[in-house]
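Novice:
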Amino acid sequence: MEKRNILAFLLLLPFLTFGQASSIYKVGDKVENFTLTNVVDGSKVSLSGLSSTKAVVLVFTSHECPYTKIYEQRVKDFVQEYNQKGVLFLLINSNNPVSNPEESPEEMAKAAKERGYKSPYLSDASQIVCKQYGASKTPEIFVLKNQSNGFVVKYKGAIDDNPQNATDVTAHYLKDALDAILNNQPVKITEKRASGCMIHQ
3 MEKRNILAFL
13 LLLPFLTFGQ
23 ASSIYKVGDK
33 VENFTLTNVV
43 DGSKVSLSGL
53 SSTKAVVLVF
63 TSHECPYTKI
73 YEQRVKDFVQ
83 EYNQKGVLFL
93 LINSNNPVSN
103 PEESPEEMAK
113 AAKERGYKSP
123 YLSDASQIVC
133 KQYGASKTPE
143 IFVLKNQSNG
153 FVVKYKGAID
163 DNPQNATDVT
173 AHYLKDALDA
183 ILNNQPVKIT
193 EKRASGCMIH
203 Q
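All you need for our numbering is the position in the sequence shown, starting with 1, plus 2.
1. Could you check whether the stretch 186-199 touches the stretch 148-162, counting it as contact only if at least three pairs of C-beta atoms, one from each stretch, sit closer than 8 Å?
2. If I'm right that Ile191 touches Phe62 with Cβ under 8 Å, what's the distance once you round it to whole angstroms?
3. What is the DSSP secondary structure of Tyr119, reduced to helix, strand or coil?
4. Determine the direct distance from the alpha carbon of Ser64 to that of Pro99, and round the result to whole angstroms.
5. Within the chosen definition, does the stretch 127-137 reach the stretch 88-97 through at least 3 CB pairs nearer than 8 Å?
6. Evaluate contact between the stretch 22-40 and the stretch 64-74, counting only Cβ atoms and requiring at least three cross-stretch pairs below 8 Å.
7. In whole angstroms, give me the CA-to-CA distance for Gln140 and Asp126.
8. Under three-state DSSP, which class holds Val100?
9. Using a Cβ-Cβ cut-off of 8 Å (strictly less than) and excluding sequence neighbours within five positions of Ala23, which residues of its own chain qualify?
10. Along the chain, where does the alpha helix (DSSP H) that runs through Tyr135 open and close?
11. Please confirm whether Tyr123 and Asn35 have their CB atoms less than 8 Å apart.
12. Is Thr70 buried or exposed, if buried means 16 or more other CB atoms sit within 10 Å of its CB?
13. Express the C-alpha separation of Tyr73 and Gln166 in angstroms, rounding to a whole number.
14. Starting from the N-terminal side, write out each stretch of the beta strand (DSSP E) that is 3 residues or longer and does not extend beyond the stretch 26-81.
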């Protein structure tokens, strides 16, 4: 009986999925809608409500991580440059606020006000969105192009190739991806591993 059970499991193994792996988006995938709360004003932000944009950049971030602090001004500069070109940036904090109270929605709201964030700062306390996208670091970005059939992942990973010093950047992954999308050209580099703090479970 036991051997039959083992054999049945082995036959089913190719069709089984474990955890969140089956839902992690790859470059080229159309993404599903999500709705998160903007801690700045309590409003709900849904991806489906952003159909007037040319692209949306999801920035999985944290106001405590040293890496995100280094990248903070760079992200602000991107927001200022590309918002007027039809690109919306969404800052998403997926750190567990129970184990990391400094990343709670209340602390997020304080940080957004103190640091002058111009983009929605969204709480993903349930970690549903970060698991869908497979985000594990902060900062880690996903560039979504608005196409006729919905939003599609065109780039994911690092912002650039130098998390230490902005003046020493030689590869501008995010900028290149956005410029390609806005000019209706293919994105040449579609994925680069992000460097940063781990998203806390």
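In this text, a Cβ means the ideal position worked out from N, Cα and C, and glycines have one as well.
Specialist: Taking the geometry as given:
1. yes
2. Reading the sequence shown from its first residue, position 189 is the one you call residue 191. Reading the sequence shown from its first residue, position 60 is the one you call residue 62. Their Cβ separation, rounded to whole angstroms, is 19 Å, which puts Ile191 and Phe62 out of contact at 8 Å.
3. Counting from one through the sequence shown, the residue named residue 119 turns up at place 117. Looking at Tyr119 - three-state DSSP - the assignment turns out to be coil, as it is neither helix nor strand.
4. Position 97 of the sequence shown, counted from the start, is the residue given in the question as residue 99. Position 62 of the sequence shown, counted from the start, is the residue given in the question as residue 64. The alpha-carbon atoms of Pro99 and Ser64 are separated by roughly 11 Å.
5. yes
6. no
7. Here residue 140 corresponds to residue number 138 of the sequence shown, with the count starting at 1. Here residue 126 corresponds to residue number 124 of the sequence shown, with the count starting at 1. It is worth fixing the name first, because residue 140 is Thr in this sequence and not Gln. Approximately 13 Å between the Cα atoms of the pair.
8. Position 98 of the sequence shown, counted from the first residue, corresponds to residue 100. For Val100, the three-state secondary structure derived from DSSP is coil.
9. Residue 23 sits at position 21 when you count from the first residue of the sequence shown. Confidence at Ala23 is low in this model, with a pLDDT of 40, below 50, so the placement of that residue is unreliable and no value is reported for it.
10. By 1-based counting over the sequence shown, the position of residue 135 is 133. Run containing Tyr135: 130-135, per the alpha helix (DSSP H) assignment.
11. Taking the first residue of the sequence shown as 1, we reach residue 123 at position 121. Taking the first residue of the sequence shown as 1, we reach residue 35 at position 33. At a Cβ-Cβ threshold of 8 Å, Tyr123 and Asn35 do not count as neighbours.
12. Taking the sequence shown and counting its residues from 1, the one referred to as residue 70 is at position 68. Buried, since its Cβ has 16 or more Cβ neighbours within 10 Å.
13. Taking the first residue of the sequence shown as 1, we reach residue 166 at position 164. Taking the first residue of the sequence shown as 1, we reach residue 73 at position 71. If I take the Cα positions, the gap works out to 9 Å.
14. 37-40, 46-48, 57-62
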